[in-house]
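So for the sequence shown, full-length UniProt numbering puts the first residue at 1; every next one is plus one. For glycine and all other residues, C-beta sits at the position ideal for the given N, C-alpha and C. Note that the coordinates shown come from a computational prediction; the quantities given were computed from them, not determined experimentally. Written below as structure tokens is the structure these notes are about.
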Amino acid sequence: PPAMTHSSPSSSASSFPVGSRVTFSCSGGARRIPGMPDTVECLPGDIWSRLAEPCGRSCAAPTRLRFAALSKEDERRNFFPVGTNVSYVCRPGYENSSEISPSSTCLENLTWSQPAELCRSEYSCCPTAPKAALVTNGNHNGQDKAFFTAGMSVRYSCDPGYYLVGNAAVTCRASGNWSQPRPRCEGEPGLCPSGSDWGGLCGHRADFVVPTLTAGGFVFPLAPTPPAHPDFQGLSASIQS
Numbered sequence: 001p002p003a004m005t006h007s008s009p010s011s012s013a014s015s016f017p018v019g020s021r022v023t024f025s026c027s028g029g030a031r032r033i034p035g036m037p038d039t040v041e042c043l044p045g046d047i048w049s050r051l052a053e054p055c056g057r058s059c060a061a062p063t064r065l066r067f068a069a070l071s072k073e074d075e076r077r078n079f080f081p082v083g084t085n086v087s088y089v090c091r092p093g094y095e096n097s098s099e100i101s102p103s104s105t106c107l108e109n110l111t112w113s114q115p116a117e118l119c120r121s122e123y124s125c126c127p128t129a130p131k132a133a134l135v136t137n138g139n140h141n142g143q144d145k146a147f148f149t150a151g152m153s154v155r156y157s158c159d160p161g162y163y164l165v166g167n168a169a170v171t172c173r174a175s176g177n178w179s180q181p182r183p184r185c186e187g188e189p190g191l192c193p194s195g196s197d198w199g200g201l202c203g204h205r206a207d208f209v210v211p212t213l214t215a216g217g218f219v220f221p222l223a224p225t226p227p228a229h230p231d232f233q234g235l236s237a238s239i240q241s
């Protein structure tokens, strides 16, 4: 039988009568090429029928991706010679962040090139546990959301008696994290007069004594020094003896 590069004959006999058929099978890790015949026949005149190579070097099935699925066209293929390109489509819950689709190529060493991660999750920041974004002694306005998509923001506020430190709003980025660390609420409850939060200064510090506004200015009953807060700069104060 004729010599083949990636296949071997089923018979090792040294002679074949006219009409004999020999089938070739893949060898050396090669794979059967779809649609290619694999049998030759001994014809009159001591010649073999023509047969193209029935096997070839092929990558295994393309890599499965978490964020994308193989295209329907490529999903139907089972032979991937060196140089073959396959394309992917983003899975449900992911959106393509580029104008091109993720793709992969069968390399000379019969492995697949790494597809670019062009599909980003639509549920980037907190897909399952928005309550995890809460702060101690505070809250945010996104608790009714099942997930946060890229570009969405949440705004924080503090419980009565506490003040906000840091940016009041954070934004979900396409990378899957927030634009900056969450703020925090500091202070101690119960330091302000009933019915007043003193302009958000309640609980500013443990030794902060709430001043009383009189005709002569602010009176600090026990504090030797007015609290160092920008809202108090420029205000006159008197200290009770």
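A Cβ-Cβ separation of about 5 Å places V22 in contact with S11 under the 8 Å criterion. Under the three-state reduction of DSSP output, E75 falls in the helix class.
V135 is classed as buried because its beta carbon has at least 16 other beta carbons within 10 Å across all chains shown.
Measuring C-alpha to C-alpha distances from I100 to each of G93, P115 and P2 identifies P115 as the nearest. Around the beta-carbon of V40, 16 or more other beta-carbon atoms lie within 10 Å, marking it buried.
Look at P81 here: in three-state DSSP terms it is strand.
V165 has its alpha-carbon roughly 11 Å from the corresponding atom of G138. Under the DSSP assignment, R155 falls in the beta strand (DSSP E) whose first and last residues are S153 to C158.
Here D46 is exposed, its C-beta having fewer than 16 other C-beta atoms within 10 Å.
Under the three-state reduction of DSSP, Y163 is assigned to strand. Distance from the CA atom of G151 to the CA atom of S97, rounded to whole angstroms, is 14 Å. For the pair S58 and D74, the CB atoms are not nearer than the 9 Å cut-off. S121 is classed as buried because its beta carbon has at least 16 other beta carbons within 10 Å across all chains shown. Distance between P2 and L51, taken at the CA atoms: about 8 Å. DSSP places T149 in no beta strand (DSSP E); its state is neither H nor E. Nearest neighbour of D38 by Cα position, chosen from F24, V82 and G29, turns out to be F24. Going by DSSP, G29 is part of no beta strand (DSSP E) at all; its letter is neither H nor E.
Listed in chain order, the non-local C-beta contacts of L107 below 8 Å within the same chain comprise C59, V82 and S113, local neighbours out to five positions each way being set aside. Taking 8 Å as the upper bound for CB-CB distance, C119 and A68 are in contact here, some 5 Å apart.
Distance from the CA atom of N141 to the CA atom of P92, rounded to whole angstroms, is 27 Å.
Per DSSP, V40 is one residue of the beta strand (DSSP E) stretching across T39 to L43. Boundaries of the beta strand (DSSP E) harbouring C119: C119 to S121, taken from the DSSP string.
In terms of Cα proximity to S7, the closest of Q180, C55 and C172 is C55.
Here L43 is exposed: its Cβ has fewer than 16 other Cβ atoms, across all protein chains shown, within 10 Å.
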